[in-house]
Amino acid sequence: MSIVLILFKSIIFWGILFSFGYQLSKYLFKKNYIEVLIALSGLIGLGLYIFLINAIGYFIAIKITFYLVLLIFIIIYGVLYFINKPKKLEWGIDKKWRKILLITVLLLIAITFIIDNRVPLADDQTALSCVPGAATIAEGNFPVMAIWMPQYPLRYHYGSHLLAAAIYKVTDVPLYMSYDVQVSILIGILFLLGFILIKKITENNKKSLIVSFLMLCIGSLYFLKGIKGIFILYNKYILYQDMFAPFKFVLEMVTPLLSRPSYVWMIIFPTNALGFVLIIGIIYLYFSSIKENNKKIILLNSLLLATLALFAETFFAVFCFLIIIYPFVFGLIKKDWLRAKFFLITSLLMLMIAVPIAFIQGGVLTHYLGIDGHDIKLHQAYGYTDIELLKRGFEINKEPWILMTRLGENNRLPIYSPKFLLEWGLLLILIIIAVIYFWKRKSKYIIFLELSFFVLFLIPFFIIFPLESCSTERFFYLANLFGGIIIGLFLFDLYFKKRNLEHKLFKKIIFFIVTVLIAQWMVFQLIFLTIGYPPAKWNNMDKFFVKKNSFEAESYQWVRENTKINDYFLIFNFNNDYIETPNLKFILNTGRIAPVYTYISIEDNPIDIPESYAFKQLQENCDKKLIKYLDYKYFYIDENWPEELKNKCLINNNLELKFESIEGDRFIKIYKIL
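Position 537 of the sequence shown, counted from 1, bears residue number 541 in my numbering, the numbering being contiguous throughout.
Shown next, in the form of structure tokens:
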């Protein structure tokens, strides 16, 4: 596929989503500025596209649904175009600011694409529930089944992988690059949404632009960890000491466990990208629906809120809680109970629509209730979910000054520990000062932002998730987002006060604080725009995706062209480079499922459920009945198979050789099981 054709398809794909979103937002709002509609177009187009392909995919093959929803959008666009034609729109910003916004967004998208393309594919993204899962979704794995045990549904937030699969199939962009594309565009959308939301508070273009930028870029002091790198490199290259992974400290500077710039959270965990966009967009629409008394906007917002559960059920649960308590907090602070009542009614209407949808649409919440028809509530060995913390509940922390997480001694991290203070100390000080500073203004937006931050920040200290201490870390993702907005609003409200503009020293102090706050983001940019990681290499995709002329390429092509998604492959590769992700390379390059039937219960010790027990027996005797029971259709045999097991499989089963390739000591044979 030529690059020109891929670009053309990509322009068509994104053009449809944005055009549909623009016309629908124009239809819904009685009056609004063009820049607002442009910002909302990405939110609405992408959000509803995911919602609809997920819903329709239960009834129509997902590969058809990818295109069908685009066709529906084109038809609706045509209808809305004529309905909206009489509406006269105007810009809320002058030409100068239009150019500034456009250039900023385009630069953000372009730079983010380059950086995201260079970030190595590793850790969570190589788990079977992530990029490998997207490869199978693109080939028809929908409703999404757990590819390590396809008799059971995937209990995971698969929204970003569903979107990646759609981009990959519709535009022919390589699968791994479809994540780069979606994250870079979503960062541009988030910046615009931040701008229009913050402008509601500041009513100033310059302030809104700067604060929207800081929303993405404010990080922690963790970059100071880089100081130790000076000594590491000195020992390595001056003293010639043998040191393992001398550049490891580089990535550690920008990827601490609890506090990173929102920009980095979005790149490292793509599910956060649309999750953050949906959160900021939903907040904007929440207040807009009340201002305009528009039930259509409430309906739209409810669908977007339900969609959020496909990306981050933690965000979904917290946001549902927030919009219930916010009206009461607002009423107490503003003493305006009439308006608080309108907030509460809007919140309840949204929840009445969004919550039932979230519990039936798939993902974690659906399977938590057992609506999928499977009563086994198991902790997944490959691809963790939040099932455990929902099913088993949580415990109240009797020592709320200690965070239960993967950092610290015995997973206990006191709030006063140097590790925690390095990540959150400066940010917390500034946020508390900002709350005091803004107290007299009692802005409905600022109250919501501050409430959101403290709810997200405090939950991990008061609640313990005994099965998954790492689940507490997810609350900090959004805390960084809201914290960035609050700090940005505070610093630049101070900066632009007339009396402060005349004091050069004061301005220098503000600039110094901002520089320190965004240093982590700047280091991240510098690393991946220059040396990369690992150093001197563009990315590590060649480790996962085969080249056309490689030995495995022909066999993978045969699999893609001659088998279906429900043709399960039996593969034994005990020398697998990806121990935590069995058969990773095969799945990524074929989009087919090669189950390993490994499931670990929510108890401390593994248990044997029927499929898991059968697979263990199969590894001993390769019995024909077990092969049939586990529904394998093909053997993919290569030199990595244990010789004794290979012989048993060939003897005990009726097979037909479908493909064979030999190159020196290497060989690949594909047998169809009759």
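We treat Cβ as the ideally placed atom computed from N, Cα and C, and that holds for glycine. Remember, predicted model here, so these are calculated numbers, not experimental data.
Kindly indicate the opening and closing residues of the beta strand (DSSP E) around residue i.
i, result
"Leu661", "659-667"
"Arg670", "670-677"
"Arg416", "416-418"
"Tyr156", "Tyr156 -> no beta strand (DSSP E), and no H or E assigned at all."
"Tyr638", "636-642"
Who are the Cβ neighbours of residue i in its own chain at under 8 Å, not counting the five residues just before and after it?
i, result
"Asn625", "Lys652, Asn656"
"Gly429", "Leu225"
"Lys34", "Glu296, Asn298"
"Gly25", "Leu44, Ser45, Gly46, Leu47, Ile48, Gly49, Leu50, Leu52"
"Tyr85", "Gln27"
Rounding to the nearest angstrom, what Cα-Cα distance links residue i and residue j in this structure?
i, j, result
"Trp95", "Thr567", "53 Å"
"Phe452", "Tyr330", "7 Å"
"Leu9", "Glu647", "46 Å"
"Phe195", "Leu218", "10 Å"
"Tyr162", "Phe671", "35 Å"
"Phe22", "Leu50", "8 Å"
"Leu659", "Val322", "53 Å"
"Lys508", "Phe320", "44 Å"
"Ile707", "Arg478", "There is no way to answer for residue 707, as the model of the chain reaches only from 5 to 678."
"Glu558", "Tyr675", "15 Å"
"Ala131", "Ile38", "41 Å"
"Trp341", "Gly335", "5 Å"
"Leu71", "Trp443", "Note that residue 71 corresponds to Tyr in the displayed sequence, not to Leu. Between Tyr71 and Trp443, the C-alpha separation is close to 50 Å."
"Ile193", "Leu634", "44 Å"
"Leu574", "Phe590", "11 Å"
"Ile337", "Ala438", "16 Å"
"Phe325", "Asn401", "20 Å"
"Tyr481", "Val215", "18 Å"
"Gly19", "Tyr560", "33 Å"
"Ile514", "Tyr81", "46 Å"
"Phe532", "Phe253", "14 Å"
"Ser188", "Leu661", "45 Å"
According to DSSP, is residue i part of a helix, a strand, or is it coil?
i, result
"Ile222", "coil"
"Tyr572", "strand"
"Ile337", "helix"
"Thr409", "strand"
"Glu399", "strand"
"Ile467", "strand"
"Glu94", "strand"
"Lys13", "helix"
"Asn609", "For Asn609, the predicted model reports a pLDDT of 40, less than 50, meaning its position is unreliable; a value from the coordinates is still stated below. Residue state, collapsed to three classes: coil."
Between which two residues does the alpha helix (DSSP H) carrying residue i extend?
i, result
"Lys508", "508-533"
"Phe479", "478-499"
"Glu558", "557-566"
"Asn58", "38-60"
"Lys204", "179-206"
"Arg102", "99-122"
"Pro588", "Note that residue 588 is Leu in the sequence shown, not Pro. Segment 588-594, the alpha helix (DSSP H) holding Leu588."
"Leu166", "163-175"
"Asn145", "Per DSSP, Asn145 belongs to no alpha helix (DSSP H) and is neither H nor E."
"Ser306", "299-315"
"Tyr537", "Neither: Tyr537 is in no alpha helix (DSSP H) and is coded neither H nor E."
"Asn544", "Where Asn544 is concerned, there is no enclosing alpha helix (DSSP H), given that its DSSP letter is neither H nor E."
"Trp645", "Run containing Trp645: none; DSSP gives neither H nor E here."
"Gly682", "Past the edges of the chain, shown from 5 to 678, lies residue 682, and the structure says nothing about it."
"Gln623", "614-625"
Take residue i and list the residues in its own chain whose beta-carbon comes closer than 7 Å to its own, dropping the five residues that flank it on each side.
i, result
"Ile141", "Ile66, Val148, His165, Leu166, Ala169"
"Ile435", "Phe457, Gly487, Ile490, Ile491"
"Leu201", "Ile284, Ile287, Tyr288"
"Ile328", "Ser351"
"Asn58", "Leu166, Leu314, Gln365, Gly366"
"Ile463", "Phe479"
"Asn681", "Since the displayed the chain opens at 5 and closes at 678, residue 681 lies outside it and no answer follows."
"Pro90", "none"
Looking only at its own chain, which residues have a Cβ that is under 6 Å from the Cβ of residue i, when we skip the five neighbours before and after it?
i, result
"Glu667", "Phe555"
"Thr108", "none"
"Ile357", "Ser306"
"Tyr183", "Ala168, Pro274"
"Asn577", "Asn644"
"Leu106", "none"
Just to check, is the beta-carbon of residue i closer than 7 Å to a non-hydrogen atom of the ligand ZN?
i, result
"Asn651", "Ligands in the displayed structure: none, and consequently the ligand ZN is not present."
Less than 8 Å between CB atoms is the rule here; does residue i satisfy it with respect to chain C?
i, result
"Asp340", "The structure shown contains no chain C; it holds only a single protein chain."
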